[in-house]
Amino acid sequence: MKENIISFPSGITAIDTGFVRPEMDASHLVLRQGRAAFIDTGPTPSVSRLMDALVTLKITPQQIDYILLTHIHLDHAGGAGELVRRLPHAQVVVHPRGASHLIDPEKLVAGTKAVYGDKIFRRLYGEVVPIPADRIITIEDEAWLELGGSRLKFIHTPGHALHHYCIIDRDSRGIFAGDTFGISYRDFDTLAGEFIFPATTPVHFDPDAAHASIERLMGYEPEGIYLTHYSRVTDLKRLAKDLHRDLDAFVALAKDCEGEEDRLGAIKRRLRAYLWTRLDAHGFPQDDRRRDTLLGMDISLNAQGLVVWLNRRGSQ
Numbered sequence: 001m002k003e004n005i006i007s008f009p010s011g012i013t014a015i016d017t018g019f020v021r022p023e024m025d026a027s028h029l030v031l032r033q034g035r036a037a038f039i040d041t042g043p044t045p046s047v048s049r050l051m052d053a054l055v056t057l058k059i060t061p062q063q064i065d066y067i068l069l070t071h072i073h074l075d076h077a078g079g080a081g082e083l084v085r086r087l088p089h090a091q092v093v094v095h096p097r098g099a100s101h102l103i104d105p106e107k108l109v110a111g112t113k114a115v116y117g118d119k120i121f122r123r124l125y126g127e128v129v130p131i132p133a134d135r136i137i138t139i140e141d142e143a144w145l146e147l148g149g150s151r152l153k154f155i156h157t158p159g160h161a162l163h164h165y166c167i168i169d170r171d172s173r174g175i176f177a178g179d180t181f182g183i184s185y186r187d188f189d190t191l192a193g194e195f196i197f198p199a200t201t202p203v204h205f206d207p208d209a210a211h212a213s214i215e216r217l218m219g220y221e222p223e224g225i226y227l228t229h230y231s232r233v234t235d236l237k238r239l240a241k242d243l244h245r246d247l248d249a250f251v252a253l254a255k256d257c258e259g260e261e262d263r264l265g266a267i268k269r270r271l272r273a274y275l276w277t278r279l280d281a282h283g284f285p286q287d288d289r290r291r292d293t294l295l296g297m298d299i300s301l302n303a304q305g306l307v308v309w310l311n312r313r314g315s316q
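The sequence shown begins at 1 in the UniProt record's numbering and counts up one residue at a time.
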């Protein structure tokens, strides 16, 4: 199990959930004075990995006070219902817009199946277990929670999703950002540093809100930001600049494809070409098969989110 765990200072551990492929999807465990919280869970098939990590780290299920869900997309929150069954004291902390979908996940499941199809959904996500309402806490913007003597601050960060929050951890001078600060797989680290790009997945992508949320995070002057995809990044000023540039580029290329008959296909092709150019400049090997393996799913999801945004924009 140790190969699936990365330890950071201030009691922070990244756990590879195993979703899709290695080092794609991380749950973070925060331990403070004997009390602990999971931040994001991965989907239901990942729960056994999280429980194995507790054994490896010599943490008991009774020590887990919270399951903190940055948002309710199933690669972040799908396993929360099953995890609640195994953690007797844990409360699930979620954005107010997300609580009802955890209590009754039918619409959340249907929306995800619409993106992936039934067969892939079953393989990736398994059963999504409802969470009893009395195990859920909704958290408001700029609210605080205590964890083993530490204080965690929650801020609402729309742009990727309306039900998204980020967690400010003053002990580590870090932020747990879910998908608000984009995607940065460790596979793409080169001598040029970390590579990042935005997550524009369906159905709530809003470029103006995304820009504002990135700036709000940077206003806390963090030393590190912990992403679900994938864990800690530190070259934050450069990465924030890259995200702002890419958001503008993604929006521009989506608008360019607005008149295409196959709008989704056109946006996918344009996104792929754009990211390939960026990877070339970043010094990542020019291996199309490897790049498609690492980015194919994200290109497809980002393109779908941009199509939804175009449709919403056109109807306003």
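We treat Cβ as the ideally placed atom computed from N, Cα and C, and that holds for glycine.
Open item on the list: Here's the rule: buried if 16 or more other CB atoms are within 10 angstroms of the residue's CB, otherwise exposed. What is residue 290?
Closed with: On the sequence shown, position 290 is the one that residue 290 refers to. Looking at its Cβ environment, which holds fewer than 16 other Cβ atoms inside 10 Å, residue 290 is exposed.
- [ ] Identify, in the order they occur along the chain, each residue of the same chain with its Cβ nearer than 7 Å to the Cβ of residue 97, setting aside the five sequence neighbours on each side.
- [x] Residue 97 sits at position 97 when you count from the first residue of the sequence shown. Answer for residue 97: 162, 163, listed in chain order.
- [ ] Grab the span of the beta strand (DSSP E) containing residue 250 for me, first residue to last.
- [x] Translated into positions along the sequence shown, residue 250 becomes position 250. Residue 250 -> not in any beta strand (DSSP E); alpha helix (DSSP H) instead, spanning 236–256.
Open item on the list: Counting C-beta neighbours from all protein chains within 10 Å, is the total for residue 304 16 or more, i.e. buried, or is it exposed?
Closed with: Here residue 304 refers to the residue found at position 304 of the sequence shown. That one is buried.
Open item on the list: With three or more C-beta pairs closer than 8 Å as the rule, is the region 175–185 touching the region 132–148?
Closed with: no
Task: residue 102 versus residue 109: straight-line alpha-carbon distance, rounded - done: Taking the first residue of the sequence shown as 1, we reach residue 102 at position 102. Taking the first residue of the sequence shown as 1, we reach residue 109 at position 109. Approximately 10 Å, taken between the alpha carbons.
Open item on the list: My assumption, with CB atoms under 8 Å, is that residue 28 sits in contact with residue 62. Please give the rounded CB distance.
Closed with: The count along the sequence shown starts at 1 and reaches residue 28 at position 28. The count along the sequence shown starts at 1 and reaches residue 62 at position 62. With a Cβ gap of about 20 Å, residue 28 and residue 62 do not count as contacting.
Open item on the list: So if DSSP puts residue 8 in a beta bridge, which residue, or which two residues, is it bridged to?
Closed with: If you number the sequence shown from 1, residue 8 lands on position 8. According to DSSP, residue 8 bridges with 12.
Task: Boundaries of the beta strand (DSSP E) in which residue 320 is found, first to last residue - done: Beyond the ends of the chain as shown, which are 1 and 316, falls residue 320; an answer cannot be given.
Open item on the list: Considering only their Cβ atoms, is the gap separating residue 83 from residue 41 smaller than 7 Å?
Closed with: Residue 41 sits at position 41 when you count from the first residue of the sequence shown. Residue 83 sits at position 83 when you count from the first residue of the sequence shown. Contact: yes.
Task: DSSP three-state assignment for residue 134, whether helix, strand or coil - done: Indexing the sequence shown from 1 puts residue 134 at position 134. Note: residue 134 maps to helix in three-state DSSP.
Open item on the list: Can you give me the C-alpha to C-alpha distance between residue 255 and residue 204, rounded to a whole angstrom?
Closed with: The sequence position of residue 255 within the sequence shown is 255, counting from 1. The sequence position of residue 204 within the sequence shown is 204, counting from 1. Approximately 17 Å between the Cα atoms of the pair.
TODO: May I have a chain-ordered list of the beta strand (DSSP E) segments no shorter than 3 residues that lie completely inside the region 144–227?
DONE: 150–156, 165–169, 174–178, 224–227
Task: Span of the beta strand (DSSP E) around residue 66 - done: Residue 66 sits at position 66 when you count from the first residue of the sequence shown. From DSSP, the beta strand (DSSP E) with residue 66 extends over 64–68.
TODO: Alpha carbon to alpha carbon, how far is residue 85 from residue 223? Give it in angstroms, no decimals.
DONE: Here residue 223 refers to the residue found at position 223 when the sequence shown is read from its first residue. Here residue 85 refers to the residue found at position 85 when the sequence shown is read from its first residue. Answer to the nearest angstrom: the Cα atoms are 35 Å apart.
Task: Three CB pairs or more closer than 8 Å across the region 8–21 and the region 219–237 - done: yes
Task: Minimum length 3: unbroken beta strand (DSSP E) runs contained in the region 65–112 - done: 91–94
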